[in-house]
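Heads up, the thing below is written out as structure tokens.
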Amino acid sequence: MAHTIAVIAGDGIGTEVMPEGIRALEAAAKRFALDLEFTIFEFGSCDYYLEHGQMMPDDWFEQLKDFDALFYGAVGWPEKVPDHISLWGSLIQFRRRFDQYVNLRPCKLMPGIESPLAGRKPGDIDFYVVRENTEGEYSSIGGKMFEGTEREVVIQETVMSRTGVDRVLKYAFDLAQSRPRQKLTSATKSNGISITMPYWDERVAEMAKAYPDVAVDKFHIDILTANFVLHPDWFDVVVGSNLFGDILSDLGPACTGTIGVAPSANINPEGNFPSLFEPVHGSAPDIAGKGIANPIGQIWSGAMMLEHLGHADAAQAIVDAIEAVLAEGDMKVLTRDVGGQGTTESLGRAIAAKIKS
Ligand code: NAI
Ligand code: MG
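For the sequence shown, the residue numbers in UniProt numbering are 1 to 357.
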């Protein structure tokens, strides 16, 4: 049966790395006899906004909801459209309406890429950050009183529901159980945030009972960020609330080198709605149009998409190909951000060729 994939390249380098993402997926499809059906959408980009006055058509939900997955490039072009309009009019809509309550980011140090952490080599850093993506600290409950006066008061409430906490914890525990180290770390701050964070800890302890094979530990977010830098080798699966996960899911990939290689997924694990796969980076206006963007973040996101669609072997073949090309270190092939002189296309083609073989 065909997997239907909605493709939205978006803005800037999104339009340059997307063809390489598709090239890699097509190579994997060929090798593993998968049937991938791509449908390209123009909306969800700033050019679309300039033409139509909105980021997406009114019926975007209807148009996209029955796809198996969304493959996104990057959105945003602050000179043309303010970021709060472009991001809130596209990505944030997908995350909310498609109930993509898991944000997943692998943090893996790849060969040939220098970690900003001294002395770290491939194998030392290989973990996932699982972020709760729908509630927590990023709520719209709160308000302002006495605005503009001496008595001005602002309040924004953290919202944690049992359903919301348990479902993301279940995802994280399942992931930890599936990995060789079977280790889960929870981000907390129950010493300072004295109602919601002890609740989070309680739910972690409760969920842990169902996963006797998974070793569980927890750190307060402050020392946890320090340990990402000091001891990245301690971690396997790290789970956090929306705010803590947001911080960790930028810090983790940053510890593994260039932003150009990091992938991410916004997942609705039940498959009631399509999940979304995209590189961590944005549209990079500073290098857009030059053909020098690193396509690995996009390609690796494609691998995460295949894994989500049930093709772990094809996903692994893509990640292996990325690692092999990086390890070879051919300067004519690699892009500048990883020390080469090649182009988006040269690196994309080299990876696709490895996937085929
Ligand atoms: P950015 O990620 O686009 O760029 C940050 C820096 O990293 C730039 O110097 C860029 O040249 C470099 N870089 C990024 N991707 C690269 C790649 N594949 N290869 C080589 N170098 C790369 O972040 P920035 O500049 O803060 O944001 C630009 C626009 O992108 C804004 O409109 C922002 O809102 C949007 N954005 C969108 C995201 C998304 O679609 N999920 C995520 C982050 C930003
Ligand atoms: Mg962030």
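Cβ atoms here follow ideal geometry from the backbone N, Cα and C, with glycine treated the same way.
{"Query": "Can you tell me where the beta strand (DSSP E) with Y128 in it begins and where it stops?", "Result": "D126 to E132"}
{"Query": "For the candidate residues I22, T15 and G10, whose alpha-carbon lies nearest to that of L306?", "Result": "I22"}
{"Query": "Contact criterion: CB-CB distance below 7 Å. Does H308 meet it with respect to chain B?", "Result": "No chain B is present in this structure, which holds just one protein chain."}
{"Query": "Among the candidates L230, R131, G53 and E147, whose CA atom is the shortest distance from the CA of T188?", "Result": "R131"}
{"Query": "Give me the Cβ distance between A6 and L64, rounded to the nearest whole Å; I'm assuming they're in contact under 8 Å.", "Result": "5 Å"}
{"Query": "Is C255 helix, strand or coil when you go by DSSP?", "Result": "coil"}
{"Query": "Do you know how far the Cα of V333 is from the Cα of S346?", "Result": "5 Å"}
{"Query": "Would you identify the three-state DSSP class for residue 358, choosing helix, strand or coil?", "Result": "Because the chain spans 1 through 357 in this model, residue 358 falls outside it and cannot be assessed."}
{"Query": "Consult DSSP for R105 and reduce its assignment to one of helix, strand or coil.", "Result": "strand"}
{"Query": "To the nearest angstrom, how far is it from the Cα of M29 to the Cα of E157?", "Result": "It should be noted that the sequence gives Ala, not Met, for residue 29. About 46 Å."}
{"Query": "Can you tell me which of the three DSSP states T343 falls into?", "Result": "coil"}
{"Query": "Quick one: what does DSSP say T163 is sitting in, helix, strand or coil?", "Result": "helix"}
{"Query": "Quick one: does the C-beta of I322 sit closer than 6 Å to a heavy atom of ligand 1?", "Result": "no"}
{"Query": "Any idea if P232 is buried or exposed, counting beta-carbon neighbours within 10 angstroms, 16 or more meaning buried?", "Result": "buried"}
{"Query": "Note down the Cα distance separating A9 from F71, rounded to an integer number of angstroms.", "Result": "8 Å"}
{"Query": "Check each candidate in A69, V75 and D66 and name the one with the smallest Cα separation from M55.", "Result": "V75"}
{"Query": "Just reading off the beta strand (DSSP E) that L326 is part of, what are its end residues?", "Result": "Premise fails: L326 lies in the alpha helix (DSSP H), A312 to E328, not in any beta strand (DSSP E)."}
{"Query": "Extract the residue ranges of the alpha helix (DSSP H) inside the segment 55–93, only unbroken runs of 4 or more that lie entirely within it.", "Result": "60–64 and 83–88"}
{"Query": "Can you list, in chain order, the residues of its chain with a C-beta nearer than 7 Å to that of L169? Leave out the 5 residues immediately preceding and following it.", "Result": "R203, V204, M207 and V239"}
{"Query": "Would you tell me roughly how many angstroms separate the C-alpha atoms of residue 359 and G339, rounded to the nearest one?", "Result": "One cannot answer for residue 359 here, as it falls past the ends of the chain, which runs 1 to 357."}
{"Query": "Are S190 and M197 touching if we call contact CB-CB under 7 Å?", "Result": "yes"}
{"Query": "Is D59 near ligand 1, judged by its Cβ being under 6 Å from some heavy atom?", "Result": "no"}
{"Query": "How many angstroms separate the CA atom of P279 from the CA atom of P263?", "Result": "4 Å"}
{"Query": "Looking at the strands, I want to know which residues DSSP matches up with P279.", "Result": "P263"}
{"Query": "How about M18 and G73: are their beta carbons less than 7 Å apart?", "Result": "yes"}
{"Query": "Give me the Cα-Cα distance between D11 and D47, rounded to the nearest whole angstrom.", "Result": "8 Å"}
{"Query": "DSSP puts E37 in a beta bridge; with which residues?", "Result": "T4"}
{"Query": "Whole angstroms is fine: what's the gap from F277's alpha carbon to G302's?", "Result": "7 Å"}
{"Query": "Suppose the cutoff is 6 Å on Cβ atoms and the five residues either side in sequence are ignored; what does the same chain contact list for V81 look like?", "Result": "C46 and Y49"}
{"Query": "Can you grab the Cα-Cα spacing for the pair R31 / E79, in whole Å?", "Result": "42 Å"}
{"Query": "Please report how far the alpha carbon of S283 lies from the alpha carbon of S86, in whole angstroms.", "Result": "12 Å"}
{"Query": "Any heavy atom of ligand 1 closer than 6 Å to the Cβ of residue 366?", "Result": "What is shown of the chain runs 1 to 357, which leaves residue 366 out entirely."}
{"Query": "Hey, would you say the C-beta of S283 is under 6 Å away from at least one heavy atom of ligand 1?", "Result": "yes"}
{"Query": "In terms of DSSP beta bridges, what is V338 paired with?", "Result": "Per DSSP, none; premise fails for V338."}
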